[in-house]
Amino acid sequence: MTLAQGDGSGTDNPDLLRGSLGVGCRPGTLCQFPAPDLAVPFTLPAAPLPLSTPEPATSAAVAAPPEAAPASEPVQPAVAAPVDTADWGELGYGIALRGAYVRSGATERFEMLTIPSVSYSRSGGTTDLALNASATLVAPQSDDARVGAANVSADVVHRLSPSAGLAFNADLALSQDAPDGLSADEADLASAPVSVLGTAGLGYTHRFGNFTVSGAGDIARDWVGEAVQADGTVIDNSHEGATRYGGELRVAYELTPIVGVFGQGAVGRTEFDGVDPDLGASRSGDDFELRGGITTNWSDVVTLEASIGSGWRMFDADAIPEAQTWLYGVSAAYRPTTTTEFTASFDTELTPGQGGSGASATYGVDVEARHRANSWLALRASAGTQWAVPEDGSATSRSYSAGLGADFTVSQHTTATLDYDYGLREDPAAAIASRDEHRISGGVSLQY
105 MTLAQGDGSG
115 TDNPDLLRGS
125 LGVGCRPGTL
135 CQFPAPDLAV
145 PFTLPAAPLP
155 LSTPEPATSA
165 AVAAPPEAAP
175 ASEPVQPAVA
185 APVDTADWGE
195 LGYGIALRGA
205 YVRSGATERF
215 EMLTIPSVSY
225 SRSGGTTDLA
235 LNASATLVAP
245 QSDDARVGAA
255 NVSADVVHRL
265 SPSAGLAFNA
275 DLALSQDAPD
285 GLSADEADLA
295 SAPVSVLGTA
305 GLGYTHRFGN
315 FTVSGAGDIA
325 RDWVGEAVQA
335 DGTVIDNSHE
345 GATRYGGELR
355 VAYELTPIVG
365 VFGQGAVGRT
375 EFDGVDPDLG
385 ASRSGDDFEL
395 RGGITTNWSD
405 VVTLEASIGS
415 GWRMFDADAI
425 PEAQTWLYGV
435 SAAYRPTTTT
445 EFTASFDTEL
455 TPGQGGSGAS
465 ATYGVDVEAR
475 HRANSWLALR
485 ASAGTQWAVP
495 EDGSATSRSY
505 SAGLGADFTV
515 SQHTTATLDY
525 DYGLREDPAA
535 AIASRDEHRI
545 SGGVSLQY
């Protein structure tokens with residue numbers, strides 16, 4: 105879990121490339137690779153971007169990592185069907201206009217947001233394709249306008265045979281927080297750093313009777329720009345840029361049509377661009393992970409996956425000690441009707457750490473609920489927390505978030521949204537140890 109007000113891309117977090125989630129996986133290690141059985145259709149989202157899509161760089165709500173193939177489709181507000189071009193696929197486009205009131209500590213500000221989006225999808229034969237692009241343009245009341253977030257993604261699923269399939273996904277994301285946003289590590293900033301993250305991953309799955317073997321490989325690259333303080337001082341964050349390579353293998357066995365077990369292993373390497381000035385050494389190094397667990401699926405109404413394992417991280421620099429920690433993962437979903445869904449996840453990861461400490465064990469909890477009350481009203485709520493425990497016993501940093509939202513279908517192409525989000529970050533190593541933010545936003549979305 106990360107706070108969307110900066111989504112982990114600020115100077116407070118040098119571990120920008122979390123790599124434990126491979127292609128087709130979501131928090132809590134709940135993974136779903138391409139459907140190996142052609143009798144069970146597997147389609148990527150064909151609809152345009154949801155009208156309720158939150159502003160990823162300007163909201164304190166929980167942000168989920170990119171997913172190549174979600175384990176379950178969230179309940180979405182009713183939107184107009186995109187243009188159906190038959191064999192050419194489906195094209196959707198839209199724009200959202202929103203206003204936001206933000207209060208952080210004793211300060212307050214108003215923002216106007218413009219969120220254009222476009223999507224394309226095609227499902228036919230053995231290959232499914234989905235392309236999505238969106239941007240969040242933020243115009244503060246007293247500062248220059250900025251691109252709060254921008255994202256371009258591509259997802260491809262190809263069935264090689266009734267028992268084998270490939271999945272590919274690529275994502276390019278840009279984000280910039282407000283100078284006094286939740287991810288800002290320094291005080292009195294005139295502009296927060298711009299972060300650009302690019303990822304690409306390839307997954308393969310094959311079914312042998314009751315066994316399913318899945319493998320995935322990924323590469324990620326992150327660039328972090330300079331931050332500028334109010335007095336003109338430039339803060340160099342180039343050492344936070346990093347390149348990550350990773351791969352994982354998962355073997356699952358279906359004990360019954362409802363219950364299964366699995367084991368998985370992952371290996372990765374993260375190479376940072378420079379020496380961390382707080383630590384006096386580079387955090388580059390290798391990481392390894394082994395997990396085992398159980399899965400259940402009762403008619404897609406209740407799904408559960410739980411795992412336990414161990415993670416190791418070894419640094420290239422002798423000054424940083426090796427670290428090992430227990431890893432836990434739980435991901436559950438309950439969908440009693442087609443209009444109501446509850447999801448919850450708990451995940452653990454061993455990260456390169458931040459500040460003057462070495463590796464940290466990061467724990468995250470996320471809860472989300474969605475409900476469509478009727479044809480014109482959809483409700484949603486979410487809450488989450490994350491805390492990082494340095495292996496050397498240094499102080500723990502924590503973050504919390506919660507949000508409520510509603511979507512009102514006005515007409516075939518128009519939806520009104522109203523949201524309240526709250527975020528709190530407590531980091532003893534930051535210039536301002538505690539930051540909080542209240543955000544109320546609303547607006548209109550047009551989707552075609």
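Residue numbers for the sequence shown follow the working numbering, beginning at 105 and rising by one.
We put the CB at the ideal spot given by N, CA and C, even for glycine.
What span of residues does the beta strand (DSSP E) with H542 cover, start to end?
Taking the first residue of the sequence shown as 1, we reach residue 542 at position 438. Run containing H542: S538 to Q551, per the beta strand (DSSP E) assignment.
Determine the contact status of A520 and F512, defining contact as a CB-CB distance below 8 Å.
For the purposes of this step, residue 520 is taken as residue 416 along the sequence shown, with counting starting at 1. For the purposes of this step, residue 512 is taken as residue 408 along the sequence shown, with counting starting at 1. In this structure, F512 lies closer than 8 Å to A520 by Cβ.
So G319 and G307 are in contact, right, with Cβ under 8 Å, and what is the actual spacing, rounded?
In the sequence shown, the residue the question calls residue 319 occupies position 215. In the sequence shown, the residue the question calls residue 307 occupies position 203. Contact holds; Cβ gap of about 7 Å.
Could you tell me the distance, in whole angstroms, from the CA atom of L201 to the CA atom of T218?
The residue labelled residue 201 in the question sits at position 97 within the sequence shown. The residue labelled residue 218 in the question sits at position 114 within the sequence shown. Distance between the alpha carbons of L201 and T218 is about 5 Å.
Classify V553: buried if its beta carbon has 16 or more other beta carbons within 10 angstroms, exposed otherwise.
Because the chain in this structure spans residues 105 to 552, residue 553 falls outside the shown range and cannot be described.
At 3 residues or longer, what runs of the beta strand (DSSP E) sit wholly inside the stretch 243–286?
Within the stretch 243–286, the complete beta strand (DSSP E) runs of at least 3 residues are 250–265 and 268–280.
I'd like to know whether the C-beta atoms of A282 and I544 end up nearer to each other than 8 Å.
What you label residue 282 is simply residue 178 of the sequence shown in a count that begins at 1. What you label residue 544 is simply residue 440 of the sequence shown in a count that begins at 1. Not in contact: A282 and I544 (Cβ atoms no closer than 8 Å).
Specify, as a first and last residue, the run of the beta strand (DSSP E) that R387 falls within.
Here residue 387 refers to the residue found at position 283 of the sequence shown. Taken as a continuous stretch (DSSP letters only), R387 belongs to no beta strand (DSSP E), as it is neither H nor E.
When you compare each of I199, G527, F214 and G367 to A237 by their alpha carbons, which one comes out closest?
Along the sequence shown, read from residue 1 onward, the residue named residue 237 stands at position 133. The shortest Cα separation from A237 among I199, G527, F214 and G367 belongs to I199.
Does DSSP classify S491 as helix, strand or coil?
Indexing the sequence shown from 1 puts residue 491 at position 387. It should be noted that the sequence gives Trp, not Ser, for residue 491. In the structure shown, W491 sits in a strand (DSSP, three-state: E or B).
Considering only the alpha carbon of each residue, which of G415, P244 and E352 lies closest to G285?
As a first step, residue 285 must be located in the sequence shown, where it is residue number 181. The candidate whose alpha carbon is nearest that of G285 is P244.
Check each candidate in D340, E530 and G321 and name the one with the smallest Cα separation from E330.
Within the sequence shown, the letter at position 226 stands for residue 330. Here the closest residue by C-alpha is D340.
When the Cα atoms are used, what is the spatial distance from L195 to N255?
Residue mapping note: residue 195 aligns to position 91 of the sequence shown, counting from 1. Residue mapping note: residue 255 aligns to position 151 of the sequence shown, counting from 1. Taking the straight line from one Cα to the other gives about 17 Å.
In this structure, does DSSP put S479 in helix, strand or coil?
Counted from its first residue, the sequence shown places residue 479 at position 375. Of the three classes helix, strand and coil, the one that applies to S479 here is coil, per DSSP.
Throw me the rounded Cβ distance for the V332 and G345 pair, which I believe falls under 8 Å.
Counting from one through the sequence shown, the residue named residue 332 turns up at place 228. Counting from one through the sequence shown, the residue named residue 345 turns up at place 241. Going by Cβ atoms, the distance from V332 to G345 rounds to 18 Å, so no, they are not a contact pair.
Tell me whether the stretch 455–470 and the stretch 488–502 touch, counting them as touching only if at least three CB pairs, one residue from each stretch, are closer than 8 Å.
Contact holds: three or more Cβ-Cβ distances are below 8 Å.
In the DSSP output, which residue or residues are listed as bridge partners for L301?
On the sequence shown, position 197 is the one that residue 301 refers to. Bridge partners of L301: A277 and D326.
E290 by DSSP, collapsed to three states: which one?
Taking the sequence shown and counting its residues from 1, one reaches residue 290 at position 186. DSSP places E290 in coil when its eight states are reduced to three.
To the nearest angstrom, report how far apart P381 and R373 are at their CA atoms.
Stepping through the sequence shown from its first residue, residue 381 is reached at position 277. Stepping through the sequence shown from its first residue, residue 373 is reached at position 269. C-alpha separation (whole angstroms): 21 Å.
Out of F376, S386, D391 and A334, which one is the CA nearest neighbour of A370?
Translated into the one-based positions of the sequence shown, residue 370 becomes position 266. The option with the nearest alpha carbon to A370 is D391.
Give me the residue from N314, A294 and A356 with the minimum Cα distance to G336.
Within the sequence shown, residue 336 is the residue found at index 232, counting from 1. The option with the nearest alpha carbon to G336 is A294.
Quick one, which of V365, D326 and L353 has its alpha-carbon nearest S411's?
Reading the sequence shown from its first residue, position 307 is the one you call residue 411. When only C-alpha atoms are compared, the closest one is V365.
Considering only residues of the stretch 368–453, which uninterrupted beta strand (DSSP E) runs meet the minimum length of 3 residues and lie entirely inside it, listed in chain order?
Listed in chain order, the complete beta strand (DSSP E) runs (minimum 3 residues) inside the stretch 368–453 are 389–402, 406–419 and 427–441.
Please list the terminal residues of the continuous beta strand (DSSP E) segment that includes I199.
The residue labelled residue 199 in the question sits at position 95 within the sequence shown. Counting along the chain, the beta strand (DSSP E) containing I199 begins and ends at E194 to S208.
What does the alpha-carbon distance come out to for the pair A487 and T447?
Taking the sequence shown and counting its residues from 1, the one referred to as residue 487 is at position 383. Taking the sequence shown and counting its residues from 1, the one referred to as residue 447 is at position 343. Using only the alpha carbons, I get a separation of about 11 Å.
CB-CB under 7 Å to A537, same chain, minus the five flanking residues each way: which ones, in chain order?
Along the sequence shown, read from residue 1 onward, the residue named residue 537 stands at position 433. Contacts found: E530 and D531.
State the Cα-Cα distance for the pair S227 and H262, rounded to the nearest angstrom.
On the sequence shown, residue 227 is found 123 positions in, with the first residue counted as 1. On the sequence shown, residue 262 is found 158 positions in, with the first residue counted as 1. Cα to Cα, the separation comes out at about 10 Å.
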